[in-house]
Amino acid sequence: MLPCQFHEIMVNLQYSYRWLKPNTKFVLFGLLYIMMCCTSSEDSESPVEVIDPVDDTVDLVGAALNYRNHCGGCHGQNMSSFVEREWTYGNSFEEMVQSITNGYPDNGMPAYGATFSEQEIQELTDYILSEIDGKTKAMLEEENPDLSGLISSDDLTFRLETITDEIPGVPWGIAQLPNGEILVTERGGSLFLVRNDGQLVEVTNLPDIVSEGQGGLLDVVIHPNFENNSLVYLSYSRANPNNSSELTTAVARAVLNGNSLSQVETIFTALPYLNSGLHYGSRLLFDTDGYLYVSVGDRGQRDVYPQALDNYLGKIHRIQDDGQIPTDNPFYNTQGAVNSIFTYGTRNPQGMSLHPETGAVWEGEHGPQGGDEINLLEAGNNNGWPVISYGLNYDGTSFTDLTALEGMEQPVHYWTPSIAPCGMTFVSGNFYGNWRNDLFVGSLKFEYLHRLKMNGNAVVGHETLLEGIGRVRDAHMGSDGYLYIVVEGPGRLIRLVPEQ
Ligand code: HEC
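Quick note: the sequence shown uses the working numbering, first residue 12, plus one each step.
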């Protein structure tokens, strides 16, 4: 191996692992260097091993590798969720070992006692404590990659235009109004209108939203005829009026008057309410005929709800713009079935987009560990969760041996390991050249935008863009023809502008 090749690999690795502290990098890369030297001195004729810097399987070692593959997806690859944290269970060495070993499965923290040895858990704890020692959120933001210049993708050169970087909390969904202003939801329960000059205005008079776990204020869409009726739709987690500890996914419709909502009305409630903070879904999407699709997750109870038609959970629903149920829905006349169901057998669907040419509804969902899926939906489909899946339990054990079964649909694409796909959109219009009709999916885990290059309904290639930009929550084609994304840490609304 030539020193210059080694240097290039190191620079690439430094870029990929820039969230590591310098001294950790030094130790890790030193180790890698020694490993490489040993190999080449033992067998100088051995072919040079090519390390792809964006390949997830690149040789990080020990605790750093375990953190990246098992923890970073939820806690931030840069450990943002642990920096300046108000600890619930304590951040002493022993308390953290407890948290990691036993987890808090009801709240979304898996138990790792069966995945890792005691020693591995201790090393992981040491690693986290040393990485976050002395760090502040402001320091993390300074470590964000510099994406201010021209960016080249396989087929297009573009730059980023930050419309605002002042969205507090977790921005979740975006919708553009005909006048160019953009509505942005914040999971904590706020709705913002971003003016064309980037100014952020808070919209008032929202429904009663409970923000807890993965729930809160989630998606937003506008009515296809917004210009005449000013209707907006919000998906959110709502408390059971008879038992406030139970929550579910609901959809409210309201009239947007300036920066206030009026005539707020809940038009959809996914039953049953559950005492769980997990897997709400919930994207909203209008199709070309004006039907509204609502995605609802399995609420963490995969064996109870997704395969049964007598409940709303783990399903994609199809309703009219006022919440009524279209009589041509696939299970409208099925005895005992919830008649808003369009497809079922779904885990946690946080992405939906309409194909610009076929008008079909596409859905993206989080798998468990591995097995994230993109599905093309057709009325009455069973998408198989949890009977068939390409994923594993979080502790590495298997819950099904089946990846295919008669009567259950195969995904168009699946990811193993998971990328944690959130918002997604097909690119349409004339601004983006060869990106047109490709599907862009935000990754929470690896903090990039994943481009699925499409030929019709088939995936023919992949590209990852904007690596390290932060957790990408939504991707949206604006009515102005531009592609927008929202990311966390800090909350930013960003426009991708092609270079002519
Ligand atoms: C699927 C998402 C997810 C994954 C993966 C995950 N966590 Fe968590 N973790 C959570 C959530 C959610 C909480 C908060 C639980 C609560 O408040 O009850 C949490 C809490 C914790 C806590 C306790 C924090 C406190 O405030 O006291 C520790 C420590 C922790 N996680 C470490 C880890 C480590 C280490 C890994 C990887 C081995 C990991 N987590 C993987 C979601 C996750």
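Glycine included, each C-beta is placed from N, C-alpha and C at the ideal position. In this text, all values refer to a predicted model and were calculated from it rather than measured experimentally.
For residue 109, the enclosing alpha helix (DSSP H) covers residues 104-113.
Burial check for residue 384: the Cβ neighbour count within 10 Å reaches 16 or more, so the residue is buried.
For residue 403 and residue 206, the gap between their C-alpha atoms comes out near 44 Å. If one requires a minimum length of 4 residues, the alpha helix (DSSP H) runs lying completely within the segment 116-149 are 129-143, in chain order. Taking all protein chains in view, the Cβ of residue 227 is crowded by 16 or more other Cβ atoms within 10 Å, so the residue is classified as buried. For residue 396, the three-state secondary structure derived from DSSP is coil. Relative to residue 212, the option among 511, 258, 491, 268 whose CA is nearest is 268.
Assignment of beta-bridge partners to residue 426 by DSSP yields 383. A straight line joining the alpha-carbon of residue 303 with that of residue 107 spans about 44 Å.
Among the bridge pairs identified by DSSP, residue 189 is matched with none. Here the C-alpha atom of residue 279 lies approximately 23 Å from the C-alpha atom of residue 188. The beta carbon of residue 110 sits closer than 6 Å to the beta carbons of 100 from its chain, once the five residues preceding and following it are set aside; these are given in chain order.
DSSP places residue 98 outside both helix and strand once states are collapsed to three, so it counts as coil. Beta-bridge pairing by DSSP links residue 91 to no other residue. Across the structure, residue 275 and residue 262 are spaced so that their CA atoms are roughly 10 Å apart. Rounded to the nearest whole angstrom, the CA to CA distance from residue 350 to residue 339 is 10 Å.
The continuous stretches of beta strand (DSSP E) do not include residue 82, and DSSP gives it neither H nor E.
Residue 386 places its beta carbon less than 8 Å from that of residue 374. Going by DSSP, residue 76 is part of no beta strand (DSSP E) but of the alpha helix (DSSP H) stretching over 73-77. In this structure, the C-beta of residue 121 approaches ligand 1 to less than 7 Å from one of its heavy atoms. Relative to ligand 1, the beta carbon of residue 96 is positioned inside 7 Å of a heavy atom. Non-local C-beta neighbours of residue 400 in its own chain, meaning closer than 6 Å and more than five positions away in sequence, comprise 382, 411, ordered along the chain.
Annotated three-state conformation of residue 268 is strand, per DSSP.
Taking the CA atoms as reference points, residue 185 sits about 7 Å from residue 485. Annotation for residue 342: no alpha helix (DSSP H) segment contains it, and DSSP assigns it neither H nor E. Under DSSP, residue 258 shares a beta bridge with 250, 285. Note that the segment 389-397 touches the segment 410-425; at least 3 beta-carbon pairs, one per stretch, sit closer than 8 Å.
Closest by C-alpha distance to residue 506, out of 96, 447, 174, is 174.
With a threshold of 7 Å, the Cβ atom of residue 378 does not count as near ligand 1, since no heavy atom of the ligand is closer than that. A contact is defined here as three or more CB-CB pairs under 8 Å, and the segment 163-180 meets this definition with respect to the segment 489-503. In the structure shown, the three-state DSSP call for residue 350 is coil. About 11 Å separates the beta carbons of residue 473 and residue 430, which is beyond the 8 Å limit, so they are not a contact pair. Contact holds between the segment 129-140 and the segment 74-83, because three or more Cβ pairs, one in each stretch, are under 8 Å apart. Counting other Cβ atoms within 10 Å of its Cβ, residue 215 stays below 16 and is therefore classed as exposed. At the C-beta level, residue 424 and residue 359 stay beyond 8 Å of one another. Here residue 326 is buried. Its C-beta has 16 or more other C-beta atoms within 10 Å.
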